[in-house]
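Here's the structure we're looking at; comments come further down.
2 protein chains.
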Amino acid sequence: MAQLIADKRDIDFVLHEQLDIGAEYKGGSYAEFNRKTIDLIIGEARNLGIKELLPLQKVGDDGCVFDAGSVTVPEGFKRAYDLYCEGEWLGMSDDPEWGGQGLPHAVSMAANEYFYGSCNSFMLYNMLTHGAAKLLEGFGTETQKKQCLKKMLSGEWSGTMLLTEPEAGSDVGALTTVATKNGDGTYNISGSKIFISGGEHDMVANIIHPVLARIEGAPEGTRGISLFLVPKFRINEDGTPGEFNDVVCTGIEEKMGLHGNCTCSLTLGGKGECIGTLLGEENKGMAAMFVMMNEARQMVGLQGFANATASYIHALNYARERVQTKGLTDPAGSAPVAIINHPDVKRQLLIMKSYVDGMRSLIYYGGLCHDKIAMTDDVEERKATNELLEVLTPIIKGYVTDKAFEVCSHGIQVFGGYGFVEEFPVAQLLRDSRIFMIYEGTNGIQSMDLLGRKLGMKKGKPFMDFLEVIRRSITKAKEVEELAPLAETMERFFVRYTEVATAISKSAMSDKVLDAYAFSHPFLEVTGDLTMAWMLLWRATVAAPLTEKKKKDAAFYKGQVTTARFFINTMLPTAMGKMDAIQACDGAVTAMDDAGFGGK
Amino acid sequence: MAQLIADKRDIDFVLHEQLDIGAEYKGGSYAEFNRKTIDLIIGEARNLGIKELLPLQKVGDDGCVFDAGSVTVPEGFKRAYDLYCEGEWLGMSDDPEWGGQGLPHAVSMAANEYFYGSCNSFMLYNMLTHGAAKLLEGFGTETQKKQCLKKMLSGEWSGTMLLTEPEAGSDVGALTTVATKNGDGTYNISGSKIFISGGEHDMVANIIHPVLARIEGAPEGTRGISLFLVPKFRINEDGTPGEFNDVVCTGIEEKMGLHGNCTCSLTLGGKGECIGTLLGEENKGMAAMFVMMNEARQMVGLQGFANATASYIHALNYARERVQTKGLTDPAGSAPVAIINHPDVKRQLLIMKSYVDGMRSLIYYGGLCHDKIAMTDDVEERKATNELLEVLTPIIKGYVTDKAFEVCSHGIQVFGGYGFVEEFPVAQLLRDSRIFMIYEGTNGIQSMDLLGRKLGMKKGKPFMDFLEVIRRSITKAKEVEELAPLAETMERFFVRYTEVATAISKSAMSDKVLDAYAFSHPFLEVTGDLTMAWMLLWRATVAAPLTEKKKKDAAFYKGQVTTARFFINTMLPTAMGKMDAIQACDGAVTAMDDAGFGGK
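Chains A and B are the protein sequences, given in the same order.
Be aware that the first sequence starts at 1, since it is given in UniProt numbering, and climbs by one per residue.
Be aware that the second sequence starts at 1, since it is given in UniProt numbering, and climbs by one per residue.
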């Protein structure tokens, strides 16, 4: 039967064959999660996703309604929200102490693939709540945690993140929201925030806003930013929502997609009655934000991936049903065939599949890294895994969301004219995906993070460790006879990549710094290409021997090998060329004057 | 002053400095069009575009209204339509015998850049009318022409093209609309057509539908297709619209963009009362269609380009106003600057500019080719120029619309979060642009056209001529000292391209035909890259000596040289890598089984 949203067989493959999570969890704190339990959990997520969330996708596209400070979510969202919360999915991988379910993160990624792929705009409410809860867990006082954390992880209350202001986007340090000490340990907050996802809505009894603001007299720029906890309704002694806290929604944005999630403008303290408490230390708001941001960025990668996989499955199903003659590629003019057999359609489906497969492996692998951090008692190992995740984060956020948008565009192209028609699901997936390249740090910021922070972090050790993991993977692939030529091509790419990484890293620390940063995004792209090729070769290494051993499933395993072949032989040469440009590091961008751009 | 929609200075540059159209027109049938006249005409087009059409863009996005067979266009469209027709813009480059203005095509491209860039959905009505009129001019009888042609070129009546059916998209030969001879020279038409732009609307007194249908008993496939002229209202003896001709609009599509233009489903002869007359010869409908299609495809390229240039100008203006700190690229933490100074933003603007400039040159050059065809009495020269245009057509349609979509996506990225908000113009430009890659032959079809028809057409002579034009351009560039290194890089690319074109051409005629066609789109991409580099180098060749000679304008000319430098040194290496993959022509796509794609 044709799949919906995501490829069940491939999810199984990544978890149980590629990553072999059962073996990873053996004997550790996740030992109770065997294959049966895991599959049961994912099956439940799949059911909820397809039955309850997927129907929200189209109605969600009609958008939220703003009226005099209130926001009404689309029809059906509240009902689905209650089901989602009843299933205790919001805190599925969180600490049971605060009501979490303690599931392994790799498993939660698979569950989330179904949830986000079914309706990304709905899931964004939960994503924000979860991010805010993690911030609270990491930096909150016992009182703050006791007041809010369980209620947030259960979904009784929701959470947001108040960061952006009209003049402070990527430049967070320019924010002007002010916090004034009240003398009783609380602060009066005053300012305006924009682009607040889920900043106001009617699904919950209270909304907890972590807010970036500057305490009166604090230094300028990012060094003077503190984080505050600002509830929509002040919290009574008994923990119930009390008086309105002067957080007023002044409007919601009309966007090109993700309409089911309201993007709010909020005014705090318009009447001088917005009270917040400090979250973490004074002037350390940015550092706290970055902790949450890493998770949030990984989740945005998952958002993009989930739309890409949904678009792929839709395009695949359509290409198997749609019958047309092959035209020039079949001059004999034989009978029409399903367009999956047309070379250019097939090429596009293979591009989609190679990215989607590579992204799935990467994102689940990221989940497994979180699990390893949770399982180990070895401080060094925990640190190293954490650092590996830090290196992977700009790739997961930046590269994955760039490619997800491309995949969704191919999805439209495979549908032809129908792809442009909103009756079919692929147009919305593209529209919804465009924001993932922007929020939680634009992909330009991600590329600067990779080049300027991650590459040279701790004298380059985490980055070298990342490369070492890939190198070991290539070595394993070389041992599989069938894969040796592919592995060798990949190895040449890998060697070239290390040269180019060294070159751009040097340029970035020389007087060619501006030239180097003009190549930060191309460098992120080839780093992502390397990562995709790594994941696909790893998959092929697992799959190749199984084509003989598990004959019933041979087509699936062969598909893994052919996908790796396609990506390495067809896509990597382009990246090779791009690396030549990065290494040459031509200064055209720096040389271009403002006036040279014309338009005046 | 900041420009809107298009860069006036650059339009001047292409027409008067790069192409030097004044010299081209001297002594010929366009001799009356001197620089002053031309600039006056374009100035008028600019005024109409910015004052009257640009305000339609946002309201057009709200869409048309369908009610019981009628379609109401958005508010303001009718008024603008009347102004556009009063200005006699619809037939601006057409034969005065039929009410045309006889303007040179290169000039009409510049005028159209403003019109389409201001409101593409509005202009699509006119584009279709013009295409239908050209079909009539080429294949109509004197009676048919006398009845309709002047009324269409004046905009009194509009035109369409009825091609697609639910089961016949790219596979036109599968259509099932039937024509039955009535004995009086007319035909009874019966069938259903979809995706008909402007198929029904309230701006005109009559709509003329050219319809592809199969005469009863005609062969299957494309060999049995004839073209018919089917008016919405039958035409009275005195030329006025008469009885309703049983062409019923059954609905309009809800799309992701281009909402101002209604996409109609039409039922012909539902009551058996739809009468049509043959246009051209029996069973020769496809050949006639292809004549019109070439013009239509070039116009779709212009549609894409116009949105790209609009998005570029918006992004440029925004990047000059938006102030943020430079972050990592300026660790000193100096004062915030306009983001046009941020390396990654600048890089994106340069990508946008290089494509937009290259596209403009290419599209105007295409217009000049039309002019040369119109001017010359030399049959051979006319044939050769026509063939050059045929080679350029898949590049103008396929490559330009692909890259236009990319440019519009960069436009959003430069705007950051605001780019996703519909209050700003760049989101709509992206949404509207997505269809250009699909209609008038998907870009996959364009790539097959390039590889399967244009490359080998007439033993490859037209394609060799195309390459020879480029070669001469490179030779000229080498003579400019400042450009010699760039020209040499370009020459290496050119030589490599000719090898790869030969290789893929051979593969396409061997038993590797399916493998080759899996690279037809990448081949179109590198052919387009070559074409852009050619145009940008040509621009630089004209501009470089002028930086000294016309000092007042030095910044503009320097910008031309730097843009060529950026594209050749930064973008071409990637295309070089892609050519390696094309030449290797790996068979992964062919090798992939249906089952290997998974999803079942």
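C-beta: ideal position from N, C-alpha, C; glycine also.
TODO: Buried or exposed for D62(B), please, with buried defined as at least 16 other CB atoms from any protein chain shown within 10 angstroms of its CB.
DONE: exposed
Open item on the list: Just to confirm, is the Cβ distance from L524(B) to F466(B) under 8 Å?
Closed with: no
Open item on the list: Counting only Cβ-Cβ distances shorter than 9 Å, please list the residues of the stretch 466 to 497 of chain B near chain A, keeping chain order.
Closed with: none
- [ ] Run the CB neighbour count on M109(A), radius 10 Å, all protein chains shown included, and call it buried at 16 or more, exposed below.
- [x] buried
Task: Y517(A) at chain B interface by Cβ criterion, 8 Å - done: yes
Task: Other residues of its chain near G257(A): CB distance less than 7 Å, five sequence neighbours each side excluded - done: Q428, R431, D432, R434, I435
Task: Touch test, the stretch 385 to 404 of chain B against the stretch 18 to 37 of chain B, Cβ-Cβ under 8 Å, three pairs minimum - done: no
TODO: Take T240(B) as the anchor and find which of S311(B), H259(B), A218(B), I208(B) has the nearest alpha-carbon.
DONE: I208(B)
- [ ] Would you mind giving the Cβ-Cβ distance between E165(B) and S226(B), rounded to the nearest angstrom? I have them listed as a contact below 8 Å.
- [x] About 15 Å separates the two Cβ atoms, so there is no contact after all.
Open item on the list: Between which residues of its own chain and residue 612(A) is the CB-CB distance below 6 Å, once the five residues before and five after are set aside?
Closed with: Look at the range of chain A in this structure, 1 to 600, and you will see that residue 612(A) is not part of it.
TODO: Give, in chain order, every residue of the stretch 169 to 199 of chain B whose Cβ lies closer than 9 Å to some Cβ of chain A.
DONE: G169, S170, D171, G173, A174, I194, F195
Open item on the list: I'd like to know if P545(A) contacts chain B, where contact means its C-beta is closer than 8 Å to some C-beta of that chain.
Closed with: no
Open item on the list: Per DSSP, what are the beta-bridge partners of P573(B) in this structure?
Closed with: According to DSSP, P573(B) bridges with nothing at all.
Open item on the list: In whole angstroms, give me the CA-to-CA distance for D202(A) and K232(B).
Closed with: 50 Å
Open item on the list: When you compare the CB of Q413(B) with every CB in chain A, is at least one pair closer than 8 Å?
Closed with: yes
Open item on the list: Short of 9 Å Cβ to Cβ, which residues in the stretch 433 to 461 of chain A face chain B?
Closed with: R434, I435, M437, I438, Y439, T442, N443, G444, I445, S447, M448, D449, L451, G452, R453
TODO: Using beta-carbon positions only, say whether S505(A) and C585(A) come within less than 8 Å of one another.
DONE: no
Task: Backbone secondary structure at Q428(B) - three-state DSSP - done: helix
Open item on the list: Please give me, in chain order, every unbroken run of the beta strand (DSSP E) with length at least 3 that falls completely inside the stretch 383 to 428 of chain A.
Closed with: none
Task: Residue environment, T562(B), which counts as buried when at least 16 other CB atoms sit within 10 Å - done: buried
- [ ] For N47(B), count neighbouring C-beta atoms within 10 Å of its own C-beta (all shown protein chains included) and say buried if the count is 16 or more, exposed if not.
- [x] exposed
Task: Of the residues M152(B), D371(B), M592(B), the one placed nearest F33(B), counting alpha carbons only - done: D371(B)
TODO: Would you mind reading off the limits of the alpha helix (DSSP H) that contains R453(B)?
DONE: That residue, R453(B), is in no alpha helix (DSSP H); it is neither H nor E in DSSP.
- [ ] Check residue 607(A) in the structure and name its three-state DSSP category.
- [x] Past the edges of chain A, shown from 1 to 600, lies residue 607(A), and the structure says nothing about it.
TODO: Between the Cα of residue 624(B) and those of W98(B), D171(B), Y84(B), G117(B), spot the shortest distance and give me the residue it belongs to.
DONE: With chain B represented from 1 up to 600, any question about residue 624(B) goes unanswered, as that position is not in the structure.
TODO: Enumerate in chain order the residues of its own chain whose CB-to-CB distance from R320(A) is below 6 Å, with the five nearest sequence positions on each side excluded.
DONE: A338, I340
Open item on the list: Between Q324(A) and chain B, is any beta-carbon pair separated by less than 8 Å?
Closed with: yes
Open item on the list: On a Cα-Cα basis, can you pick out the residue from E488(B), K403(B), G285(B), L56(B) that is closest to L135(B)?
Closed with: G285(B)
Task: Residues of its chain near N206(A), where Cβ-Cβ distance is below 7 Å and the 5 sequence neighbours each way are ignored - done: W157, P231, K232, F233, P241
- [ ] For residue 603(B), go through chain A and note every residue whose CB falls closer than 8 Å to its CB, in chain order.
- [x] Residue numbering for chain B in the displayed model covers 1 to 600; residue 603(B) lies beyond these limits and cannot be assessed.
Task: Reduced DSSP secondary structure (H/G/I, E/B, other) of S433(A) - done: helix
Task: Own chain partners of A296(A) with C-beta closer than 7 Å, once the 5 adjacent residues on each side are dropped - done: G131, E440
Task: DSSP three-state assignment for I5(A), whether helix, strand or coil - done: coil
Open item on the list: Would A564(B) and L537(B) qualify as a contact pair, given that the criterion is a beta-carbon distance under 8 Å?
Closed with: yes
Open item on the list: Less than 8 Å between the C-beta atoms of G276(B) and A288(B), yes or no?
Closed with: no
Task: First through last residue of the beta strand (DSSP E) which encompasses residue 627(A) - done: What is shown of chain A runs 1 to 600, which leaves residue 627(A) out entirely.
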